[in-house]
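Reading through the structure tokens given below for one structure.
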Amino acid sequence: MNKKVCHEIEIETFGEVMSHCKVTLDPGEVVIAEAGALMAHDEGIEYKTVMGDGSEPNTGIFRSLFNGAARMLSGETLFMTHFKNVSDKRRDVYFSATVPGSMAVIDMGAFNGSLICNKNSFLCGALGTKIGLKSDISIRGLFGESFFLQRIEGDGNVCLNAGGGVFMRQLNNETIFVDNSSLLAYVEDDIEYEVVQNGSLKSMLFSGEGLSLVKLSGTGVVLLQTMPFDRFAMSTWNEIRKNGGGVSSS
Numbered sequence: 000m001n002k003k004v005c006h007e008i009e010i011e012t013f014g015e016v017m018s019h020c021k022v023t024l025d026p027g028e029v030v031i032a033e034a035g036a037l038m039a040h041d042e043g044i045e046y047k048t049v050m051g052d053g054s055e056p057n058t059g060i061f062r063s064l065f066n067g068a069a070r071m072l073s074g075e076t077l078f079m080t081h082f083k084n085v086s087d088k089r090r091d092v093y094f095s096a097t098v099p100g101s102m103a104v105i106d107m108g109a110f111n112g113s114l115i116c117n118k119n120s121f122l123c124g125a126l127g128t129k130i131g132l133k134s135d136i137s138i139r140g141l142f143g144e145s146f147f148l149q150r151i152e153g154d155g156n157v158c159l160n161a162g163g164g165v166f167m168r169q170l171n172n173e174t175i176f177v178d179n180s181s182l183l184a185y186v187e188d189d190i191e192y193e194v195v196q197n198g199s200l201k202s203m204l205f206s207g208e209g210l211s212l213v214k215l216s217g218t219g220v221v222l223l224q225t226m227p228f229d230r231f232a233m234s235t236w237n238e239i240r241k242n243g244g245g246v247s248s249s
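Put into structure tokens, the structure is as follows:
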């Protein structure tokens, strides 16, 4: 039996809009989280900000900087916060969503230990989880939206941010075409990922959709988010512009 790499933390989510999660730590356990995600924690929790995810504690400074730069390209921060239970009892740490929407708790062991996620998706996870950049990005995506993706590796629990709700689609030797920003996560070993042109030139220019779509093929689970944050932000900005900036004169 392979030795566990990640701490065995428990994650429970609450709420469907502007969700938050509770991470329960046994004595000595550690949860890593994106900077600024903390909502509250029990007595007996100590935390520190470190460069990187802590999955490779003996990594040199240059390797740490390289890994940090890769995380920044995937939408995460250079630094992460590690929360450790230093008491002799179980303690809880609470994190809030960084985008309006819900959360998805993933048991990485059930997903072959590797998950490809959209940028900004990772919220928190067990110490030992590795957050990096998916390197084999199709150059065709560079003519449309940003196609930088996260690669999350480990065998513990992680919690993902999702804009709006989470929709799970099970593919059985099938193909689905997905708007890039609507993609939340998929299992790389099971699903083939390809960036394709979104229809004709006329459709791309006047439909209001992006220049490209993501083609996902194979047998496995695909997770989608119903209201990606960039779409929500653009819709809000358009409403503000239509209403003259939202400022009324008296």
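Residue 0 is where the sequence shown starts when you use numbering that gives the first Met the number 0, and the numbers rise one by one after that. The C-beta atom is built at its ideal place from N, Cα and C for all residues, glycine as well. These figures come from a predicted structure and were not determined experimentally.
Same chain only: Cβ atoms within 6 Å of residue i, ignoring 5 sequence neighbours per side
i: residue 9; result: 23
i: residue 105; result: 157
i: residue 15; result: 101
i: residue 206; result: At residue 206, the pLDDT of 49 sits below 50, so the modelled position is not reliable; the number obtained from the coordinates is stated separately. None.
i: residue 216; result: 174 and 191
Backbone CA spacing between residue i and residue j [nearest angstrom]
i: residue 238; j: residue 228; result: 15 Å
i: residue 89; j: residue 36; result: 21 Å
i: residue 13; j: residue 19; result: 6 Å
i: residue 258; j: residue 101; result: Here the chain covers residues 0 to 249 and nothing more, so residue 258 does not appear.
i: residue 188; j: residue 164; result: 25 Å
i: residue 193; j: residue 98; result: 26 Å
i: residue 44; j: residue 93; result: 11 Å
i: residue 178; j: residue 95; result: 26 Å
i: residue 196; j: residue 133; result: 21 Å
i: residue 110; j: residue 7; result: 16 Å
i: residue 113; j: residue 82; result: 23 Å
i: residue 173; j: residue 242; result: 44 Å
i: residue 183; j: residue 224; result: 6 Å
i: residue 125; j: residue 149; result: 17 Å
i: residue 211; j: residue 147; result: 14 Å
i: residue 175; j: residue 42; result: 47 Å
i: residue 32; j: residue 84; result: 14 Å
Residues near residue i in its chain [Cβ-Cβ closer than 8 Å; skip 5 each side]
i: residue 34; result: 48, 76, 78, 79 and 80
i: residue 166; result: 222, 223, 224 and 225
Limits of the unbroken beta strand (DSSP E) element including residue i
i: residue 19; result: 19 to 24
i: residue 90; result: 90 to 95
i: residue 161; result: 156 to 162
i: residue 84; result: 78 to 84
i: residue 129; result: 129 to 132
i: residue 29; result: 29 to 33
i: residue 122; result: 121 to 125
i: residue 47; result: 44 to 50
Beta carbon proximity, residue i to chain B, threshold 9 Å
i: residue 116; result: Absent here is chain B; the protein component of the structure consists of one chain.
Residue i - partner residues in DSSP beta bridges
i: residue 110; result: Answer is none; residue 110 lacks a bridge partner.
i: residue 195; result: 212
i: residue 240; result: None; residue 240 has no bridge partner.
i: residue 102; result: 160
i: residue 39; result: 93
i: residue 12; result: 20
i: residue 174; result: 216
i: residue 168; result: 221
i: residue 116; result: 149 and 184
Neighbourhood of residue i by C-beta, 7 Å cutoff - its chain only, sequence neighbours within 5 removed
i: residue 4; result: 127, 153 and 154
i: residue 169; result: 220
i: residue 54; result: 127, 128 and 129
i: residue 181; result: 223, 224 and 227
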